[in-house]
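Take a look at the structure below.
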Amino acid sequence: SHRATAWPAPQSSADGLVEDKDPQRSPGDAATALGPGAQDMVAVHMFRLYEKYSRRGARPGGGNTVRSFRARLEVVDQKALYFFNLTSMQDSEMILAATFHFYSEPWWPWAREALCKRSKNASCRLFSTGLPARHHLLFHSLSQNTATQGLLRGAMALAPPPRGLWQTKDISPIVKAARRDGELLLSAQLEAAKKEPGVRRPSPHAPYILIYANDLAISEPNSVAVTLQRYDPFPAGDPEPGAAPNSSADPRVRRATQASGPLQDNELPGLDERRVPAHGAQHHHEYELWPSPFQALKTRPARKERRRKGQDLFVASSQVLNFDEKTMQKARRK
Amino acid sequence: QWNEPRICSRRYLKVDFADIGWNEWIISPKSFDAYYCAGACEFPMPKIVRPSNHATIQSIVRAVGIVPGIPEPCCIPDKMNSLGVLFLDENQNVVLKVYPNMSVETCACR
Numbered sequence: 001s002h003r004a005t006a007w008p009a010p011q012s013s014a015d016g017l018v019e020d021k022d023p024q025r026s027p028g029d030a031a032t033a034l035g036p037g038a039q040d041m042v043a044v045h046m047f048r049l050y051e052k053y054s055r056r057g058a059r060p061g062g063g064n065t066v067r068s069f070r071a072r073l074e075v076v077d078q079k080a081l082y083f084f085n086l087t088s089m090q091d092s093e094m095i096l097a098a099t100f101h102f103y104s105e106p107w108w109p110w111a112r113e114a115l116c117k118r119s120k121n122a123s124c125r126l127f128s129t130g131l132p133a134r135h136h137l138l139f140h141s142l143s144q145n146t147a148t149q150g151l152l153r154g155a156m157a158l159a160p161p162p163r164g165l166w167q168t169k170d171i172s173p174i175v176k177a178a179r180r181d182g183e184l185l186l187s188a189q190l191e192a193a194k195k196e197p198g199v200r201r202p203s204p205h206a207p208y209i210l211i212y213a214n215d216l217a218i219s220e221p222n223s224v225a226v227t228l229q230r231y232d233p234f235p236a237g238d239p240e241p242g243a244a245p246n247s248s249a250d251p252r253v254r255r256a257t258q259a260s261g262p263l264q265d266n267e268l269p270g271l272d273e274r275r276v277p278a279h280g281a282q283h284h285h286e287y288e289l290w291p292s293p294f295q296a297l298k299t300r301p302a303r304k305e306r307r308r309k310g311q312d313l314f315v316a317s318s319q320v321l322n323f324d325e326k327t328m329q330k331a332r333r334k
Numbered sequence: 335q336w337n338e339p340r341i342c343s344r345r346y347l348k349v350d351f352a353d354i355g356w357n358e359w360i361i362s363p364k365s366f367d368a369y370y371c372a373g374a375c376e377f378p379m380p381k382i383v384r385p386s387n388h389a390t391i392q393s394i395v396r397a398v399g400i401v402p403g404i405p406e407p408c409c410i411p412d413k414m415n416s417l418g419v420l421f422l423d424e425n426q427n428v429v430l431k432v433y434p435n436m437s438v439e440t441c442a443c444r
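Same order as they appear, the protein sequences are chains Z and C. Each residue of the first sequence is one higher than the one before, counting from 1 in our numbering. Each residue of the second sequence is one higher than the one before, counting from 335 in our numbering.
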């Protein structure tokens, strides 16, 4: 089992907590952008790691990936168990370190006194005010679909803190061993060394796990698409089951301007592709049969005249493309 | 864009994750300056486009016309920067990944 040693977790994970006097202080808008649970400690901690990297380029834990895992609380046999589903880790992610973060209520009498005063609960004072009970942190790992309690992976004795604060334990060996055995469901249980009446009330601050890893595939071409492209930008048919929840209600603002007016084709005016009536074998030049305003070649008017005429022509038949004589001659020849 | 230099150089491009539909799961950043490379790698190439030796040779061969159909070298990113992205994975857990080669620092002819 593990002695309650000061965990040698990566410096970055300690900074975010130890210096954090008020763990619930939100770091601003980005953490609130997380949606439900925006104020939970794991979001605050992850955003701090992100800020540290963005400002100083400090690689979190020396790797290129940090995954956080929120706890799912279940009461099994009168015991509060926190479950962590580690299956979202990718095979290419080599674990550098793993840390378990949990909030410890204060255990000293005066702190307890303050707590009881705040909670105005008569039975609160019934607890022995002697030495604080020692606690153990037990970790079990189990594969996805087994009902057993799983394999005991580690136990740590917890020295009770002088006041309520977030604590961090290095659980790297536990997580690495569980992953090696393919057991990616971890349970954590806070157990009192000596029996306490009733179920210990789970802390209002849910514990969480951080795994610092080096993603060996992140330098592959297009690695950003592997984790961030959740659906094909041009879905053919219905989106895949894993597509973004409401990819159909596309929130993006269309920027394309509408095509102005009907599309002009490039056909020469009056020389449209009408069928030549089927008769006699002799080959007629098709354009002789087409009624066309351009058939009788006009003499070239003077430049001034032409410009005016050109404008008139343009004004008169602005919806039809107009070509100069040279182009028309070429077209007729063709 | 119209008064951009003809020569191979870095051009400004800001990418907003909302425009590519990734903003639902990307927490931060919401957008970033990605830049891109564009412009000519014509003979003779000035030092500023930092041609590789191969690009210099290819450019000469093309200019001399020894072999028909040889294109001019391409203007591509040379030095690039990483970007840290904070996002939610499929289990709605928060993940931080530092992706390499996400924005252009310098361009060159290759």
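Beta carbons are placed, not taken as given, at the ideal position from N, Cα and C, and that holds for glycine.
Nearest to residue i (by Cα), restricted to the options the options
i       : options                               : result
S370(C) : E358(C), M414(C), K381(C) and Q426(C) : In the sequence on display, residue 370(C) carries Tyr and not Ser. That would be M414(C), whose Cα lies nearest to the Cα of Y370(C).
Q189(Z) : Y50(Z), S54(Z), D181(Z) and A80(Z)    : A80(Z)
S143(Z) : G61(Z), L86(Z) and H205(Z)            : L86(Z)
P339(C) : K348(C), C409(C), H388(C) and I404(C) : C409(C)
P350(Z) : L158(Z), Q167(Z), L152(Z) and E191(Z) : A question about residue 350(Z) goes unanswered here, because the residues of chain Z that appear run from 1 up to 334.
R70(Z)  : R333(Z), A331(Z), H205(Z) and D77(Z)  : H205(Z)
S92(Z)  : E74(Z), K330(Z), R179(Z) and F323(Z)  : R179(Z)
V428(C) : K169(Z), E74(Z), Y50(Z) and F100(Z)   : Y50(Z)
H135(Z) : P160(Z), G150(Z), S141(Z) and G154(Z) : P160(Z)
D40(Z)  : R67(Z), Y208(Z), S54(Z) and G182(Z)   : Y208(Z)
P405(C) : K348(C), M436(C) and C375(C)          : C375(C)
A225(Z) : D412(C), I354(C), A442(C) and V395(C) : I354(C)
M379(C) : G403(C), T440(C), S437(C) and C342(C) : C342(C)
H45(Z)  : M156(Z), G150(Z), Q167(Z) and V76(Z)  : Q167(Z)
N222(Z) : K381(C), M436(C) and G403(C)          : M436(C)
D412(C) : G403(C), R384(C) and N337(C)          : R384(C)
H101(Z) : K169(Z), K330(Z) and A177(Z)          : K169(Z)
Residues of its chain near residue i, where Cβ-Cβ distance is below 7 Å and the 5 sequence neighbours each way are ignored
i       : result
N64(Z)  : N214, D215 and I218
L165(Z) : S104
A256(Z) : For A256(Z), the predicted model reports a pLDDT of 48, less than 50, meaning its position is unreliable and no value from the coordinates is stated.
N357(C) : F351 and K364
Y433(C) : S416, L417 and V419
E74(Z)  : L81 and F83
W444(C) : The amino acid at residue 444(C) is misidentified as Trp; the sequence shows Arg. Only S386, A389, P407, C408 and I410 meet the Cβ criterion.
S362(C) : L420
A372(C) : R345 and C409
V395(C) : V401 and I404
Residue i (DSSP reduced to helix, strand or coil)
i       : result
M89(Z)  : coil
G164(Z) : coil
E51(Z)  : helix
P95(Z)  : A small fix is needed here, since residue 95(Z) is Ile in this sequence, not Pro. Three-state result, I95(Z): strand.
Q426(C) : coil
T440(C) : coil
S219(Z) : coil
M41(Z)  : helix
R396(C) : helix
A80(Z)  : strand
V419(C) : strand
V175(Z) : helix
L185(Z) : strand
A372(C) : strand
A316(Z) : Confidence is the limiting factor: at A316(Z) the pLDDT is only 47, short of 50, which leaves the residue's position unreliable, though a coordinate-based value still follows. Correct three-state label for A316(Z): helix.
H140(Z) : strand
I341(C) : strand
F323(Z) : coil
A331(Z) : helix
A389(C) : helix
I361(C) : strand
M46(Z)  : helix
Beta-carbon contacts of residue i that lie in its chain and below 6 Å, excluding the five residues immediately before and after
i       : result
F377(C) : S393 and A397
Q295(Z) : Its pLDDT being 43, under 50, Q295(Z) is placed unreliably by the model, and the measurement read from it follows with that caveat. Nothing meets the Cβ criterion.
E325(Z) : none
L184(Z) : L86 and T87
Q90(Z)  : none
Under 8 Å between C-beta atoms of residue i and residue j
i       : j       : result
L158(Z) : L137(Z) : yes
A97(Z)  : Y212(Z) : yes
T99(Z)  : L228(Z) : no
F139(Z) : I171(Z) : yes
L430(C) : W359(C) : no
Own chain residues within Cβ distance below 8 Å of residue i, not counting five before or after
i       : result
Y346(C) : D367 and Y369
N425(C) : none
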